[in-house]
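Working notes, beginning with the structure itself.
Numbering (my numbering), first residue to last: 930 to 1068.
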């Protein structure tokens, strides 16, 4: 199990958001498409929140930027209830086989924070584990 936390200011990455290479390196195509649907402050919050989440995931995996996992391989999508959901692809999936990731993103004023928790798949505490009537876990 690993825990990662990242905190940044919403406007901290504004200059980089205008650089095509940065967007392609840090964001999955689905995230870029979603960002294009947003404008102004909401777009900044979305991109900064996703970046903070990716940094938190990398830290939870014991890595940093440019340490073997491409940030675009960490997709921060949305669950049906609107909560952020992480999917590991490519280099991230290869570096962390059998791991599930939970993430939370928050915004307050210009602050953006994210926390990530990695859990081994098959663990009794893994996301999607359900308690059966007799108290056993069904994963």
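Where is the CB? At the ideal position from N, CA and C, for every residue including glycine.
Considering Cα atoms alone, identify which of the options is closest to residue i.
| i | options | result |
| --- | --- | --- |
| residue 1038 | 966, 1031, 978 and 1000 | 978 |
| residue 1022 | 952, 987, 967 and 962 | 987 |
| residue 951 | 982, 966 and 1000 | 1000 |
| residue 1041 | 1017, 974, 962 and 964 | 974 |
| residue 947 | 931, 966 and 976 | 976 |
| residue 985 | 1003, 954, 971 and 1009 | 1003 |
Quick check on residue i: buried or exposed, where buried means 16 or more other Cβ atoms within 10 Å of its Cβ?
| i | result |
| --- | --- |
| residue 960 | buried |
| residue 940 | exposed |
| residue 1029 | buried |
| residue 935 | buried |
| residue 942 | buried |
| residue 1011 | exposed |
| residue 969 | exposed |
| residue 1045 | buried |
| residue 1050 | exposed |
| residue 933 | buried |
Specify the secondary structure class of residue i as computed by DSSP and reduced to three states.
| i | result |
| --- | --- |
| residue 952 | helix |
| residue 1059 | Residue confidence is low: residue 1059 scores 38 on pLDDT, short of 50, so the model does not pin down where it sits. Its coordinate-derived value is still stated next. The answer is strand: DSSP assigns residue 1059 an E or B state. |
| residue 933 | strand |
| residue 957 | coil |
| residue 1035 | strand |
| residue 1023 | helix |
| residue 946 | helix |
What are the partner residues of residue i, as DSSP defines its beta bridges?
| i | result |
| --- | --- |
| residue 1029 | 1048 |
| residue 1013 | 1007 |
| residue 1042 | 936 and 1035 |
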